[in-house]
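> Sending over a structure as structure tokens; questions will come in a sec.
This is the structure:
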């Protein structure tokens, strides 16, 4: 384990992992979107513009069918909570705008 991470409490570690995950996710979103389904589980849900898709396959199809290749994304909040069942629960709010 990283020495800096060892000094942090559980909530701080979870927050650091969540922020790192979000950075990784959107780096893939921008450069290799078809690799994103590997970050989901069969029980995962993706919400996009009011539509919910469930599971790895449906999420992969939705991400592949987005009506834009390039976009800008502004993550306004990254909130995470410890969970005894999943390690942590991550919720983020962002704005995605299509680049013309």
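Residue numbers (the UniProt record's numbering): 1 to 100.
Just so you know, even glycine gets a beta-carbon here, dropped at the ideal spot from N, CA and C.
Following the continuous beta strand (DSSP E) through residue 28, name the residue where it begins and the one where it ends.
Looking at the DSSP string, residue 28 is not in any beta strand (DSSP E); the run it does join, the alpha helix (DSSP H), is 10 to 31.
> Under DSSP, the beta strand (DSSP E) around residue 46 begins and ends at which residues?
45 to 48
> Counting C-beta neighbours from all protein chains within 10 Å, is the total for residue 59 16 or more, i.e. buried, or is it exposed?
Of the other Cβ atoms in all chains shown, 16 or more fall within 10 Å of the Cβ of residue 59; this residue is therefore buried.
> Flag this pair as touching only if the segment 73 to 87 and the segment 15 to 28 have three or more C-beta atom pairs under 8 Å; answer yes or no.
Taking 8 Å as the limit for Cβ pairs, the verdict is that the segment 15 to 28 does touch the segment 73 to 87.
> Just to confirm my understanding: we take residue 15, look at its own chain, exclude 5 residues before and 5 after, and list those with CB closer than 7 Å. What are they?
For residue 15, where only same-chain residues beyond five positions count, the Cβ hits under 7 Å are 80.
> Output the boundary residues of the beta strand (DSSP E) element that contains residue 81.
71 to 83
> Please name the residue in 29, 74, 41, 40 whose C-alpha comes closest to that of residue 65.
29
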